[in-house]
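Trainee: In terms of our numbering, the sequence shown opens at residue 57 and continues consecutively. Ideal Cβ positions, reconstructed from N, Cα and C, are used throughout, including at glycine. First the structure, then my questions, so here it is.
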Amino acid sequence: MIRTIALIKANLKGFMRNWRSIFLLVIFPMLLIGLVFSSFSPEGLNRVSAGVIVSSPESKMLVQGLDFLDVTEYGKLEHCLGELEKYHTYVCIDTKASDVLTLEIYYDNTRDPVIWEIIEKIKAAADIVQEQKSQQIAQDMLGGFSQIGTRIDLFKSSLQDVSTVLDTYAVKTDNSIIKLTQTRNDLSTELTSMEQDLADIKSSKAMLQSNKDSYYRTSTGSLNDVVSQAESLNVTTYPETYYVSSIIAQAKSAKSQLNAYNTEADQEFSSIDNKIQRYEYSCQ
């Protein structure tokens, strides 16, 4: 037993004097283990370098949401792809702005970082930008409806004023007819003046009706475009579905009111035509 212990001590002393054995069996494994653990640093995964092609307000908003990446902004896709080929960046993101935000992602699949985790985070940031854009579109459409309603009210008020003027003129004309029956000497002059006034009224009425028809066609066309654009959004989640359905309902309601007002205006113009015909008959 004592002899065995002496042999072990002798072997340990020989091993300690051999620095190569110490390096290979102790130091080198520790260095290797430390290198492996450092490669799994969370910071190394979270701060992957990325390039974003900034060509629209939506792409600027996307950059603000990619705080988990080391983002560099580029004006052209070719510049970012050049950096990707040189291994200076890991992924290039190009945005296509329209009614729906579309992303085109370019990356080198020969490199180590887990690309699917990064893509999912980029998609989540893009979804937030799309939601903000949908809300802005809804607000713009609602503002447009408010302006259309104001213009309709102003146009209706203008027609009512014209109708009042015509009624006033009708009273004056009736009084003139009574006076015409009292004297034959003034009949020719009064009839000539009345014919000119009737001609002026017919001209003003024709111009007003033409303006009304033009505005009606333009307004209904705009409302149809709003409904078509809202229905093409194809949203499936709340609150986007609520915003879109509200927009469509308000547009259809505005169109219904516009149709009712157009019918009412046509009836007023028809009444004016009947009055003019009656006055022309009186002048014969």
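Spell out the partners DSSP gives Glu141 in its beta bridges.
Mentor: By one-based count along the sequence shown, residue 141 stands at place 85. Note: Glu141 sits in no beta bridge, so no partner.
Trainee: Are the CB atoms of Thr145 and Ser24 within a distance shorter than 8 Å?
Mentor: Examination of residue 24 is not possible in this model, given that the chain is present from 57 through 340 alone.
Trainee: Return the chain-ordered list of same chain residues with a C-beta closer than 8 Å to the C-beta of Tyr272, the five sequence neighbours on each side being excluded.
Mentor: The count along the sequence shown starts at 1 and reaches residue 272 at position 216. Only Leu314 and Asn318 meet the Cβ criterion.
Trainee: How many Å lie between Leu279 and Ser260 at the Cα?
Mentor: Locating residue 279 in the sequence shown gives position 223, counting from the first residue. Locating residue 260 in the sequence shown gives position 204, counting from the first residue. Cα to Cα, Leu279 sits roughly 28 Å from Ser260.
Trainee: Taking the C-alpha atoms as reference points, what is the distance between Glu176 and Asn290?
Mentor: Looking up residue 176 in the sequence shown gives position 120. Looking up residue 290 in the sequence shown gives position 234. Distance between the alpha carbons of Glu176 and Asn290 is about 22 Å.
Trainee: Are the CB atoms of Val108 and Ser115 within a distance shorter than 8 Å?
Mentor: For the purposes of this step, residue 115 is identified with residue 59 of the sequence shown, where counting begins at 1. For the purposes of this step, residue 108 is identified with residue 52 of the sequence shown, where counting begins at 1. Taking 8 Å as the Cβ cut-off, Ser115 and Val108 qualify as a contacting pair.
Trainee: Just grab the DSSP bridge partners of Ala106 for me.
Mentor: Sequence index remark: in the sequence shown, residue 106 carries index 50 (1-based). In DSSP, Ala106 forms a bridge with Val127 and Val147.
Trainee: Please name the residue, chosen from Thr292, Gln333, Gln306 and Val185, that lies closest to Lys258 on a Cα-to-Cα basis.
Mentor: For the purposes of this step, residue 258 is taken as residue 202 along the sequence shown, with counting starting at 1. Nearest C-alpha to Lys258: Gln333.
Trainee: If we count the other Cβ atoms within 10 Å of its Cβ and call it buried at 16 or more, is Lys268 buried or exposed?
Mentor: By one-based count along the sequence shown, residue 268 stands at place 212. The residue is buried, with at least 16 neighbouring Cβ atoms inside 10 Å.
Trainee: By a C-beta neighbour count over all protein chains shown, 10 Å radius and 16 as the cutoff for buried, is Ser326 buried or exposed?
Mentor: By one-based count along the sequence shown, residue 326 stands at place 270. When all chains shown are included, Ser326 counts as exposed.
Trainee: Determine whether the beta carbon atoms of Ala182 and Leu157 lie at a separation below 8 Å.
Mentor: Translated into the one-based positions of the sequence shown, residue 182 becomes position 126. Translated into the one-based positions of the sequence shown, residue 157 becomes position 101. Yes, Cβ-Cβ distance for Ala182 and Leu157 is below 8 Å.
Trainee: Any idea if Gln186 is buried or exposed, counting beta-carbon neighbours within 10 angstroms, 16 or more meaning buried?
Mentor: On the sequence shown, position 130 is the one that residue 186 refers to. Classification of Gln186: buried, given that the 10 Å Cβ count is 16 or more.
Trainee: Within a Cβ cutoff of 7 Å, which residues of the same chain sit near Ile184, ignoring the five residues on either side of it in sequence?
Mentor: Position 128 of the sequence shown, counted from the first residue, corresponds to residue 184. Excluding residues within five positions, the ones whose Cβ falls inside 7 Å are Gly121.
Trainee: Excluding the 5 residues flanking Val127 on each side, which residues of the same chain have their C-beta closer than 7 Å to its C-beta?
Mentor: Translated into the one-based positions of the sequence shown, residue 127 becomes position 71. Only Ala106, Val108 and Val119 meet the Cβ criterion.
Trainee: What number of angstroms, rounded off, separates the C-alpha of Ala305 from the C-alpha of Leu140?
Mentor: On the sequence shown, position 249 is the one that residue 305 refers to. On the sequence shown, position 84 is the one that residue 140 refers to. For Ala305 and Leu140, the distance between alpha carbons rounds to 48 Å.
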